[in-house]
Amino acid sequence: MQPPTNDPQNKADSSGEQSPMNSAGPSDLIDQGSAIDTPVEPNPKDFRSIDPRFIPAERLASLVQLIVFTLGSIIGFVAMWLSDADQVFLILAAVGLTLVCLSLLWSTIFWPPIEHRHIKWKLSDVGLEIRRGVFWKKEIAIPWARAQHADVSQGPLQRMFEIGSLTIHTAGTKNSSVTIDGLAHEKAVALRDEIIRQRKESDVV
Numbered sequence: 463m464q465p466p467t468n469d470p471q472n473k474a475d476s477s478g479e480q481s482p483m484n485s486a487g488p489s490d491l492i493d494q495g496s497a498i499d500t501p502v503e504p505n506p507k508d509f510r511s512i513d514p515r516f517i518p519a520e521r522l523a524s525l526v527q528l529i530v531f532t533l534g535s536i537i538g539f540v541a542m543w544l545s546d547a548d549q550v551f552l553i554l555a556a557v558g559l560t561l562v563c564l565s566l567l568w569s570t571i572f573w574p575p576i577e578h579r580h581i582k583w584k585l586s587d588v589g590l591e592i593r594r595g596v597f598w599k600k601e602i603a604i605p606w607a608r609a610q611h612a613d614v615s616q617g618p619l620q621r622m623f624e625i626g627s628l629t630i631h632t633a634g635t636k637n638s639s640v641t642i643d644g645l646a647h648e649k650a651v652a653l654r655d656e657i658i659r660q661r662k663e664s665d666v667v
């Protein structure tokens with residue numbers, strides 16, 4: 463029979479206590495700082511929304527269209543009135559143009575938030591998945607093997623709000639390219655780089 467030892471490690475094991483290293487779970491051992499600003503989600507089951515700055519950018523773009531259409535309608539209506547057009551035609555034209563202007567005003571104020579809520583995306587081990595559509599839902603899955611290359615673009619209004627559009631060019635699919643609008647510019651660049659990296663890894667495999 464061996465005499466009992468005074469090894470502190472044996473005492474800790476016999477008492478059921480664990481060292482901090484043994485009690486830490488896998489998530490506790492992950493460097494949390496390494497997950498910052500990475501395009502891959504912690505939970506691949508969750509879809510992510512586009513940047514909220516998409517809403518004011520779309521509102522401003524729609525407002526510009528509304529102003530241009532309204533001014534054009536006023537000029538056209540005045541021209542018809544000066545040309546002694548039929549009164550019934552002028553009334554119908556005025557009613558129609560008013561309804562169109564009201565419709566554009568509604569889409570300027572209320573539509574961008576609705577559209578923003580219905581555009582989702584996520585990255586997974588398989589590829590990029592996109593969900594969009596308010597009345598007609600559409601789900602797009604782009605496997606890494608199908609992604610040829612990706613581009614990031616910015617229009618004048620997008621640069622003003624620091625957002626951009628990511629376009630993924632594909633091969634062997636129904637659509638030759640798929641675009642996600644309203645991403646933060648740095649996020650769009652990170653996604654583009656991630657798609658390129660995943661594409662290279664799939665080619666190697």
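Going by my numbering, the sequence shown opens with residue 463, and the numbers climb by one from there.
By construction, the Cβ of each residue, glycine as well, lies at the ideal position given by its N, Cα and C atoms.
In DSSP terms, what residue 566 is bridged to: By 1-based counting over the sequence shown, the position of residue 566 is 104. Residue pairing by DSSP leaves residue 566 without any beta bridge partner.
Check whether residue 574 and residue 517 have beta carbons under 9 Å apart: Within the sequence shown, numbered from 1, the residue matching residue 574 stands at position 112. Within the sequence shown, numbered from 1, the residue matching residue 517 stands at position 55. Result yes, Cβ atoms of residue 574 and residue 517 sit closer than 9 Å.
At least three beta-carbon pairs within less than 8 Å, the stretch 596-606 to the stretch 550-566: Segments in contact, no.
For residue 615, three-class secondary structure by DSSP: Indexing the sequence shown from 1 puts residue 615 at position 153. The DSSP-derived three-state label of residue 615 is strand.
Whole beta strand (DSSP E) elements within the stretch 580-662, 3-residue minimum: 582-585, 589-594, 600-605, 609-615, 625-632 and 639-646, all fully within the stretch 580-662.
Close beta carbons around residue 531, own chain, < 8 Å, minus the five adjacent residues each side: Here residue 531 corresponds to residue number 69 of the sequence shown, with the count starting at 1. These residues qualify, in order along the chain: 562, 563 and 566.
Where residue 510 sits in the DSSP three-state scheme: Here residue 510 refers to the residue found at position 48 when the sequence shown is read from its first residue. The answer is strand: DSSP assigns residue 510 an E or B state.
Residue 547, DSSP secondary structure in three states: By one-based count along the sequence shown, residue 547 stands at place 85. In this structure, residue 547 counts as coil in the three-state DSSP scheme.
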